[in-house]
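Presented below is the structure to which this report refers.
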Amino acid sequence: MPLWSRIALSALLLVLAAVGMTSTLQAFAARRAILEQARAGAHGVAEVLAKATAFAEAVPPTVEAEIGEQMLTQARLLAQLVAVAEGAGVPRENLLARLREIAGPGQTEFLATDDGGVAIYETDPAGEGFRFTPDASTQPQAHVFHRLLAGETPSVIQESRRRELDGRVFKYVGVPGVDGSRIIQVGMPATFLERLDTALGLRRLVGEVVVGDVREVRILDARSSPLVTRIVDANGNPTESAPPLDQDDARIVRESIASGRPAGRVEGAMVRVAAPVLRADGATGGAVLVGLATRAGADLWRWELLAGLLSSLLIGFPAILVGRWLARSTTDSMRRSTAVAESIAAGDLSGTVPPGGDDEAGRLLDGVGRMSAALRETVSRLQAAGTRVTEVESDVSVALARQERIVRGFSGSVADVSGAASQISSNAEQLLDATGTVTLAAREAARVADDGRHGLEQMSESMRQLDEVMNAFTRKLATIRQRAGGINAVVTTIAKVADQTNLLS
590 MPLWSRIALS ALLLVLAAVG MTSTLQAFAA RRAILEQARA GAHGVAEVLA
640 KATAFAEAVP PTVEAEIGEQ MLTQARLLAQ LVAVAEGAGV PRENLLARLR
690 EIAGPGQTEF LATDDGGVAI YETDPAGEGF RFTPDASTQP QAHVFHRLLA
740 GETPSVIQES RRRELDGRVF KYVGVPGVDG SRIIQVGMPA TFLERLDTAL
790 GLRRLVGEVV VGDVREVRIL DARSSPLVTR IVDANGNPTE SAPPLDQDDA
840 RIVRESIASG RPAGRVEGAM VRVAAPVLRA DGATGGAVLV GLATRAGADL
890 WRWELLAGLL SSLLIGFPAI LVGRWLARST TDSMRRSTAV AESIAAGDLS
940 GTVPPGGDDE AGRLLDGVGR MSAALRETVS RLQAAGTRVT EVESDVSVAL
990 ARQERIVRGF SGSVADVSGA ASQISSNAEQ LLDATGTVTL AAREAARVAD
1040 DGRHGLEQMS ESMRQLDEVM NAFTRKLATI RQRAGGINAV VTTIAKVADQ
1090 TNLLS
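Going by the working numbering, the sequence shown opens with residue 590, and the numbers climb by one from there.
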């Protein structure tokens, strides 16, 4: 691939990488912002639902308590009415008909007993002749009203529950009679709780909330058991049947209940948040789990990537043109420099280098031109030096012949030196023998020291002989010194010849 193509491709890749990285970072930042916004929204929805759940859980007991007080007032009025009617001698059938007219069909029930706890006035025909007993095993709901006969309590307000008679859910309130020992009871079917739950309950609240991006709401009790559930499935259909909590959802539910604060997590394009349901006394009564879809974040992510791709294309095409122009302007001078270098490598020094421009490539071309001129000058100088080298070679040949003769003379001197060395060795052996003789003489002198002058004369004679040997050794050394001087002269001559040879080289 030519250099200009590589430069253009490199510039394009760098631009595309910069644009792509910028677009990717922007997309990640936007997605993170969307997720954080969705998380905050999910937290808000979960907290609002948790507060609404706490409120909705508190409303039915409050309403039921208020209704109980109203029913207690009705029971007291009924006690006064029964006492006045019986005191006035109103027939039982007339009073019972009037009470049924007041109660209405299938709504409120009025009941009054005699002093034995047997119902004598009952607006519900199914309850005629009903007897109250204190046995909780046979009358789990009605036995508490038996205490009114003995005056043990001024009133009984019972929460809504199923009655033993027919299994319907009723709320009952009772007071003692004002004219004697009897039970006055007012009952109301607990359909008001169902109507209240339909109008203000959790199901309606959850049904109103699960729309749009809110895909799931679960209201759980303190044991993470579902109370109300609403989920939008993959087809967009809402349903109240949901699979059990997975481990991650159960974990954030436990965290929110334990800490009293919302806890959440991100699962793909879904943000899931659990918020605790705090009652009025501060206790945690459960949790609300909300699943919020982040489809807007996914759409934004795709748009960011598409925008990055379009930006890369829009910026990449001008980058290719600019890179091509820059590469060609840069490589033109380098191409001419390459042609000159190839000519020089082929041995052609006659070519001329065109002048370059003011940029770096032009200065490189000018440098190549100066290098070519300097190379031609160097070749000329080398040719002149070659001629001089030929002349020096002739002088060196003459000097070598002379040196050969000197070496031959040096060989003779070496032979003489070798002979002298052999003679010195012989003299040294004689000196060694003489030294041995002296040693023997010394030993003999020591042994015969008592003989006197005879021994001294022998020792003097030995010393004289030693002196002669030493004189002969001295003479030999002088001869060796003379021959060594001749060798030094020869070595000096060889050194001078070598110096001349070096100068000629």
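Beta carbons are placed, not taken as given, at the ideal position from N, Cα and C, and that holds for glycine. Nothing here was measured: the structure is a model prediction, and the numbers come from that model.
E698 (DSSP reduced to helix, strand or coil): The residue given as residue 698 occupies position 109 in the sequence shown. Strand at E698.
Contacting residues, own chain, Cβ-Cβ under 6 angstroms from V745 (five flanking each side not counted): Translated into positions along the sequence shown, residue 745 becomes position 156. The residues are V733, F734, G763.
Length of the line joining the Cα atoms of P649 and V799: Taking the first residue of the sequence shown as position 1, residue 649 is located at position 60. Taking the first residue of the sequence shown as position 1, residue 799 is located at position 210. A direct Cα-to-Cα measurement between P649 and V799 gives close to 23 angstroms.
Backbone CA spacing between A864 and V877 [nearest angstrom]: What you label residue 864 is simply residue 275 of the sequence shown in a count that begins at 1. What you label residue 877 is simply residue 288 of the sequence shown in a count that begins at 1. Distance from the CA atom of A864 to the CA atom of V877, rounded to whole angstroms, is 5 angstroms.
Whole-angstrom C-beta distance between V862 and G853, which should lie under 8 angstroms: Sequence index remark: in the sequence shown, residue 853 carries index 264 (1-based). Sequence index remark: in the sequence shown, residue 862 carries index 273 (1-based). The C-beta separation of G853 from V862 comes to about 4 angstroms, placing the pair in contact by the 8 angstroms criterion.
Euclidean distance between Cα positions of Q1089 and R991: Within the sequence shown, numbered from 1, the residue matching residue 1089 stands at position 500. Within the sequence shown, numbered from 1, the residue matching residue 991 stands at position 402. Near 11 angstroms, if we compare the C-alpha coordinates of R991 and Q1089.
Presumed contact (8 angstroms Cβ cut-off) between F759 and P729, rounded CB distance: For the purposes of this step, residue 759 is taken as the residue at position 170 of the sequence shown. For the purposes of this step, residue 729 is taken as the residue at position 140 of the sequence shown. No, F759 and P729 are not in contact; Cβ-Cβ is about 13 angstroms, not under 8 angstroms.
Closest residue to I772 among N1060, E797, R807, A731 (Cα-Cα distance): The count along the sequence shown starts at 1 and reaches residue 772 at position 183. The shortest Cα separation from I772 among N1060, E797, R807, A731 belongs to A731.
Bridge-paired residues (DSSP) for A882: For this step, residue 882 is matched to residue 293 along the sequence shown. Bridge partners of A882: M859.
Start-end ranges of the alpha helix (DSSP H) lying completely within the segment 757-835, minimum 4 residues: Counting whole runs of 4 or more residues, the segment 757-835 contains the alpha helix (DSSP H) stretches 780-789, 791-798.
Proximal residues to R804 (C-beta, below 8 angstroms), its chain only, five neighbours per side dropped: Walking along the sequence shown from the start, residue 804 turns up at place 215. Closer than 8 angstroms at the Cβ level, and outside the excluded window around R804, lie I820, V821, M859, G880, L881, A882.
Classification of T976 by the beta-carbon crowding that lies within 10 angstroms, buried from 16 upward: Position 387 of the sequence shown, counted from the first residue, corresponds to residue 976. That one is exposed.
Unbroken alpha helix (DSSP H) run spanning E690, endpoints: Here residue 690 corresponds to residue number 101 of the sequence shown, with the count starting at 1. Segment 681-692, the alpha helix (DSSP H) holding E690.
Residue burial classification, P765 (beta-carbon count within 10 angstroms, cutoff 16): Here residue 765 corresponds to residue number 176 of the sequence shown, with the count starting at 1. The residue is buried, with at least 16 neighbouring Cβ atoms inside 10 Å.
Option in P815, K640, S1015, R1064 with minimal Cα separation from A851: Residue mapping note: residue 851 aligns to position 262 of the sequence shown, counting from 1. A small correction: the amino acid at residue 851 is Pro; Ala does not occupy that position in the sequence shown. Checking every option, the nearest Cα to that of P851 belongs to K640.
Cβ-based neighbour list, V795, same chain, cut-off 6 angstroms, excluding 5 preceding and 5 following: Residue 795 sits at position 206 when you count from the first residue of the sequence shown. The residues are V806, V817, R819.
Which of helix, strand or coil DSSP assigns to A647: Within the sequence shown, the letter at position 58 stands for residue 647. Looking at A647 - three-state DSSP - the assignment turns out to be helix.
Sheet register partners of T873 (DSSP bridge): Working through the sequence shown from its first residue, we reach residue 873 at position 284. According to DSSP, which records beta bridges pairwise, T873 is partnered with L867.
Limits of the unbroken beta strand (DSSP E) element including A715: Within the sequence shown, numbered from 1, the residue matching residue 715 stands at position 126. That residue, A715, is in no beta strand (DSSP E); it is neither H nor E in DSSP.
G718 classed as buried or exposed, judged by whether at least 16 other C-beta atoms fall within 10 angstroms: Counting from 1 along the sequence shown, the entry for residue 718 is found at position 129. So G718 ends up on the exposed side.
Helix, strand or coil at A1073 [DSSP, three-state]: Position 484 of the sequence shown holds residue 1073. Annotated three-state conformation of A1073 is helix, per DSSP.
Neighbour-count burial assignment, S845, 16 or more Cβ in a 10 Å radius: Taking the sequence shown and counting its residues from 1, the one referred to as residue 845 is at position 256. That one is buried.
For R720 and G706, believed in contact at Cβ under 8 angstroms, the rounded distance: Walking along the sequence shown from the start, residue 706 turns up at place 117. Walking along the sequence shown from the start, residue 720 turns up at place 131. Their Cβ separation, rounded to whole angstroms, is 6 angstroms, which keeps G706 and R720 in contact under 8 angstroms.
Under 8 angstroms between C-beta atoms of L700 and A708: The residue given as residue 700 occupies position 111 in the sequence shown. The residue given as residue 708 occupies position 119 in the sequence shown. Between L700 and A708, the gap from beta carbon to beta carbon is short of 8 angstroms.
Alpha-carbon to alpha-carbon, T662 and V671: Here residue 671 corresponds to residue number 82 of the sequence shown, with the count starting at 1. Here residue 662 corresponds to residue number 73 of the sequence shown, with the count starting at 1. Taking the straight line joining both Cα atoms gives about 14 angstroms.
8 angstroms CB neighbourhood of D704 in its chain, flanking five on each side removed: Locating residue 704 in the sequence shown gives position 115, where the first residue counts as 1. Scanning its chain for C-beta atoms nearer than 8 angstroms, with the 5 sequence neighbours on each side dropped, one finds around D704 the residues L738, G769, S770, R771, in chain order.
Per DSSP, cross-strand counterpart(s) of I746: Walking along the sequence shown from the start, residue 746 turns up at place 157. Paired residue(s): V762.
Collapsed DSSP secondary structure at R752 in the structure displayed: For the purposes of this step, residue 752 is identified with residue 163 of the sequence shown, where counting begins at 1. Here DSSP, grouped into helix, strand and coil, assigns R752 to coil.
Assigned exposure category for G875 - 16 Cβ within 10 Å defines buried: For the purposes of this step, residue 875 is taken as the residue at position 286 of the sequence shown. Answer is buried; the Cβ neighbour count reaches 16.
Alpha carbon of L834 to alpha carbon of G801, nearest angstrom: Translated into the one-based positions of the sequence shown, residue 834 becomes position 245. Translated into the one-based positions of the sequence shown, residue 801 becomes position 212. Each residue's alpha carbon lies about 22 angstroms from the other.
Rounded straight-line distance, which links the Cα of R1070 to that of I1083: Locating residue 1083 in the sequence shown gives position 494, where the first residue counts as 1. Locating residue 1070 in the sequence shown gives position 481, where the first residue counts as 1. Distance from the CA of I1083 to the CA of R1070, rounded to the nearest whole angstrom, comes to 20 angstroms.
T697 and G776 closer than 8 angstroms at C-beta: For the purposes of this step, residue 697 is taken as residue 108 along the sequence shown, with counting starting at 1. For the purposes of this step, residue 776 is taken as residue 187 along the sequence shown, with counting starting at 1. Using a Cβ distance threshold of 8 angstroms, T697 and G776 count as a contacting pair.
Nearest residue (CA-CA) to D755, options P714, D724, R812, P743: Taking the sequence shown and counting its residues from 1, the one referred to as residue 755 is at position 166. The option with the nearest alpha carbon to D755 is P714.
Check whether T873 and A811 have beta carbons under 8 angstroms apart: What you label residue 873 is simply residue 284 of the sequence shown in a count that begins at 1. What you label residue 811 is simply residue 222 of the sequence shown in a count that begins at 1. Against a cut-off of 8 angstroms, the Cβ pair of A811 and T873 comes out as a contact.
Check whether Q669 and V767 have beta carbons under 8 angstroms apart: Taking the first residue of the sequence shown as 1, we reach residue 669 at position 80. Taking the first residue of the sequence shown as 1, we reach residue 767 at position 178. Yes, these two residues count as a Cβ contact at 8 angstroms.
Coarse secondary structure for A1095, derived from DSSP in three states: The requested residue 1095 does not occur in the structure, where the chain is confined to residues 590 to 1094.
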